[in-house]
Amino acid sequence: MEYQLMPWLGVAVDGTGLTIKDKRSIPNSIGRMSKRAPRSLIGATTYMTVRGTDILLTKSQIEYDSPNYFTTCFLGDFKESQTRHIKLSRDPDLFLIISDYLCGYKVLPLNDRVIPKRMSPELALENLRADAEFYQLDNLIKECDKFLLGEILQSGTENRKEYLVLGCEYKYHPPVPIDKQMDIAMGSPISQWRTKVTAEKLTESPFDEMKRPQDFRGFTGLQIVGEIERYARTMMGFEPQLVGWHIDTSPINYGIRSLLMVVVAV
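Listed below in C-alpha cells is the structure:
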C-alpha cells in the first residue's frame, strides 16, 4: 500500500528514507495503518552512521548481495538487530557508492562526481574494493577486480602481456594441510601441464575468481601464499612473480581430487 505524504502530517522525505518529525500530528487512522506496515517499511528505519554521516538502509538494500555484513548485523542475533543502528569509522563518500550499489544501481566505472575529493580515481576504486570486502559484498568485489584489471588492459603493453599458468591434478585423503598438498602436487601428481594466457584471459572464468596474494594476511594467510609460491618456484626453477591461483576440489571414492592452477608473470 502506498501512502500520500502531506506536510501537515509532519512527515519529511530526505531522498533516502522516511522520517517522522512529530508523531502527535498524525491522525489515528494513519497510525493504525502504520501498525500494519510490511516488514520492508520497518526496515527503512535502519541506518548507518559513517563518520558522523547518517545514511538510511531499507530491508531490500540490507538483503542485496547477501549474506553480507548488514544481514549479519541487522537480521541476526546481534544487538544491532534491535537498535537498527551501526556506527563506523569508514569513508562516508565511499559508503554512498555502496548504498547506491545496494539499491541495484550500476556504480562502476566510477563517475568523477562521486569520487572522494582526496582520492585519485585509481585509489578510489581500490578503496571501494576494500570497502566491498569489509561489507562482504562478493559480487561487488568481483566487479571491482574486473575494473582494476581493466586499468592494466588500457595499456597496450600490458594488454599484450602474457602470463604462465601452471596446472596440476592431484588427489589426497583429508584432512591434509596446504603444505602437504603441495608436496603431493610436486611429488606424485596425476598430471601436470602449463600454458600461456593473455591479461585479457584473466578476466574470464575461472581466473576471475582466483585467490590473490594480497587477499591473505596473518600467519596462516602468509603460510598459504608461501606454499603456493614454493610450488611455483619448484616448477619454474626460479622465483617467479605470483599473480594468483585457483583450486577446484571434488570428492571421489578414495579421497579428494584437486585441480590446481597457479598464474605467474613471465
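With my numbering, letter number 219 in the sequence shown gets 219, and the count goes up by one each step, no holes.
We put the beta carbon where it would ideally sit given N, CA and C, even for glycine.
Quick caveat: nothing in here was measured; it's all calculated off a predicted structure.
- Around the beta-carbon of CYS73, 16 or more other beta-carbon atoms lie within 10 Å, marking it buried.
- Taking C-beta separations shorter than 6 Å and ignoring five residues to either side along the sequence, the partners of GLN192 in its chain run CYS168, following chain order.
- Assignment of MET182 by DSSP, reduced to helix, strand and coil, places it in the helix class.
- Around the CB of SER120, fewer than 16 other CB atoms lie within 10 Å, so the residue is classed as exposed.
- Straight-line measurement puts the Cα of MET261 at about 9 Å from the Cα of ARG194.
- Counting other Cβ atoms within 10 Å of its Cβ, ARG217 stays below 16 and is therefore classed as exposed.
- In the DSSP assignment, the residues bridged to GLU169 are SER191 and LEU259.
- If you ignore the 5 residues before and after ILE184, its C-beta comes within less than 6 Å of the C-beta of TYR170 and TYR172, all in its own chain and listed in chain order.
- Excluding the 5 residues flanking it on each side, GLY237 has no same chain C-beta neighbour closer than 7 Å.
- In this structure ILE97 is buried. Its beta-carbon is surrounded by 16 or more other beta-carbon atoms within 10 angstroms.
- Residue environment analysis places LEU123 among the exposed positions, since fewer than 16 neighbouring C-beta atoms fall within 10 angstroms of its C-beta.
- Secondary structure at PRO240: coil, using DSSP grouped into helix, strand and coil.
- In the DSSP assignment, LYS87 falls outside any alpha helix (DSSP H) and within the unbroken beta strand (DSSP E) covering 85-88.
- For LYS87, same chain residues with a beta-carbon under 6 Å away, outside a window of 5 residues either side, are THR49 in chain order.
- It is roughly 32 Å from the alpha-carbon of SER205 to the alpha-carbon of PRO116.
- LEU110 and LEU125 do touch by the CB rule: their CB atoms are close to 6 Å apart, below 8 Å.
- Annotation for LEU102: the continuous alpha helix (DSSP H) segment containing it runs 92-102.
- The C-alpha of GLN61 is placed about 8 Å away from the C-alpha of SER99.
- The continuous stretches of alpha helix (DSSP H) do not include LEU108, and DSSP gives it neither H nor E.
- A straight line joining the alpha-carbon of VAL107 with that of ASN127 spans about 14 Å.
- Excluding the 5 residues flanking it on each side, PRO67 has same chain C-beta neighbours closer than 8 Å at GLN136, in chain order.
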